[in-house]
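> Would you mind keeping the following structure in view while I ask a few things?
Number of protein chains: 2
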Amino acid sequence: MSVTNTAVIPQVNGSAPAGPCGDDDCGIRDVLDRLGDRWTVLVLVELAKGTRRFRELERAIPGISQRMLTLTTKRLCRDGLVERTLYPTVPPQTDYRLTDMGRSLAGMVSALADWSREHKDAVAAARTRWDQQHP
Amino acid sequence: MSVTNTAVIPQVNGSAPAGPCGDDDCGIRDVLDRLGDRWTVLVLVELAKGTRRFRELERAIPGISQRMLTLTTKRLCRDGLVERTLYPTVPPQTDYRLTDMGRSLAGMVSALADWSREHKDAVAAARTRWDQQHP
DNA sequence: CCGTATCCAACTGGATACTG
DNA sequence: CAGTATCCAGTTGGATACGG
Numbered sequence: 001m002s003v004t005n006t007a008v009i010p011q012v013n014g015s016a017p018a019g020p021c022g023d024d025d026c027g028i029r030d031v032l033d034r035l036g037d038r039w040t041v042l043v044l045v046e047l048a049k050g051t052r053r054f055r056e057l058e059r060a061i062p063g064i065s066q067r068m069l070t071l072t073t074k075r076l077c078r079d080g081l082v083e084r085t086l087y088p089t090v091p092p093q094t095d096y097r098l099t100d101m102g103r104s105l106a107g108m109v110s111a112l113a114d115w116s117r118e119h120k121d122a123v124a125a126a127r128t129r130w131d132q133q134h135p
Numbered sequence: 001m002s003v004t005n006t007a008v009i010p011q012v013n014g015s016a017p018a019g020p021c022g023d024d025d026c027g028i029r030d031v032l033d034r035l036g037d038r039w040t041v042l043v044l045v046e047l048a049k050g051t052r053r054f055r056e057l058e059r060a061i062p063g064i065s066q067r068m069l070t071l072t073t074k075r076l077c078r079d080g081l082v083e084r085t086l087y088p089t090v091p092p093q094t095d096y097r098l099t100d101m102g103r104s105l106a107g108m109v110s111a112l113a114d115w116s117r118e119h120k121d122a123v124a125a126a127r128t129r130w131d132q133q134h135p
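As structure tokens, then:
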């Protein structure tokens with residue numbers, strides 16, 4: 001006979017102190033689906049520095065393609081995080097700027113960036129250690 | 001003759017108040033590459049509640065496959081964010097818990113989750129508006 | 001229970017060329 | 001300058017089956 005203790009295991013922890021949302025995953029995925037792609041965060045950070053034109057963004061974010069910049073800014077506009085102002089001059093000019101909501105999100109992201117810089121060495125060390133121990 | 005004012009445009013903004021890192025993108029991508037996949041954040045949040053076994057994580061995160069749970073926890077271990085304790089019993093048992101570094105990252109993520117809940121309605125509204133105006 | 005291995009569908013994003 | 005459109009390679013991740 002094998003142990004059939006499914007869900008009878010007394011858990012080590014007793015409470016849920018960290019999660020401010022009951023026991024479910026709430027809407028975390030909503031944010032991360034927005035932030036999870038390759039470029040959104042970089043655009044957000046660049047726009048946090050001030051209003052930018054299309055070409056300025058493109059130059060400020062090395063490696064991004066026209067296509068991805070268009071897609072990324074469009075999504076941000078759609079979500080109400082960025083505002084687009086089109087000047088019907090010739091040649092055309094478009095300004096992108098964060099909305100208030102976008103600015104508050106950019107703040108969160110900056111915190112993550114800070115964390116990244118603080119811990120990047122520790123993470124690198126951990127990786128090296130792991131890679132050595134796992135042939 | 002066309003305008004050749006490349007980089008001669010007087011910028012609207014004067015300073016870079018938001019970015020704590022000069023003018024470059026620093027290591028932001030490092031964090032987001034770790035957080036950007038479909039499951040890492042959810043695992044992080046679940047482990048923030050306490051130590052969990054493999055099956056517990058699987059049940060706590062609806063929709064995750066065995067494969068992805070293995071991959072995700074392994075990456076987190078490799079990066080030094082999660083620690084794994086294997087009890088060589090039968091049937092085998094494995095405990096996953098956040099390291100100190102992992103806990104501090106989970107804190108950041110919680111902040112994002114909070115932001116998400118606060119603004120999810122506003123984002124949804126913005127999307128609806130956009131979708132109506134863009135046939 | 002805790003994984004690993006294989007196969008495969010779907011999506012992401014780069015390169016390129018073209019329009020207003 | 002500011003996009004749009006098309007094509008295509010690489011990766012992510014789900015389903016499934018198997019092993020310790």
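Those sequence lines, one after another, are chains A and B. The UniProt record's numbering applies: residue 1 is where the first sequence begins, and numbers increase by one. The UniProt record's numbering applies: residue 1 is where the second sequence begins, and numbers increase by one. Where a beta carbon is used, it is the ideal one built from N, C-alpha and C, also for glycine.
1. What ranges does the beta strand (DSSP E) occupy inside the stretch 44-91 of chain B, keeping only unbroken runs of at least 3 residues that lie completely in it?
2. If you measure beta-carbon to beta-carbon, which residues of the stretch 119-135 of chain A are closer than 7 Å to chain B?
3. Roughly how many angstroms lie between the CA atoms of Gln132(A) and Ala124(A), to the nearest whole one?
4. With distances taken between CB atoms, is the gap from Thr40(B) to Leu76(B) smaller than 9 Å?
5. In three-state DSSP terms, what is Asp95(A)?
6. How is the alpha helix (DSSP H) around Trp115(B) delimited, first residue to last?
7. For Ser110(A), collect the residues of the same chain with a Cβ closer than 6 Å to its Cβ; drop the 5 residues on either side in sequence, then sort them by chain order.
8. Are there three or more Cβ pairs, one per stretch, closer than 8 Å when the stretch 85-99 of chain B is compared with the stretch 102-122 of chain A?
9. Buried or exposed for Gly102(A), going by 16 or more other Cβ atoms inside 10 Å?
10. What are the start and end residues of the alpha helix (DSSP H) that includes Asp37(B)?
11. For Asp23(B), name the three-state secondary structure that DSSP assigns.
12. Closer than 9 Å, Cβ to any Cβ of chain A: which residues of the stretch 28-40 of chain B, in chain order?
13. Taking 8 Å as the cut-off, is the beta-carbon of Gln133(A) closer than that to any non-hydrogen atom of the ligand NAP?
14. Run the CB neighbour count on Gly80(A), radius 10 Å, all protein chains shown included, and call it buried at 16 or more, exposed below.
Let me lay it out:
1. 82-87
2. His119, Lys120, Ala122, Val123, Ala126, Arg127 and Trp130
3. 12 Å
4. yes
5. strand
6. Asp100 to Gln133
7. none
8. no
9. buried
10. Careful: Asp37(B) lies outside any alpha helix (DSSP H) and carries neither H nor E.
11. Bear in mind that the predicted position of Asp23(B) carries a pLDDT of just 39, short of 50, making it unreliable; the figure below should be weighed with that in mind. Residue state, collapsed to three classes: coil.
12. Ile28, Arg29, Asp30, Val31, Leu32, Asp33, Arg34, Leu35, Gly36, Asp37, Arg38 and Thr40
13. This structure lacks the ligand NAP; in fact it carries no ligand of any kind.
14. buried
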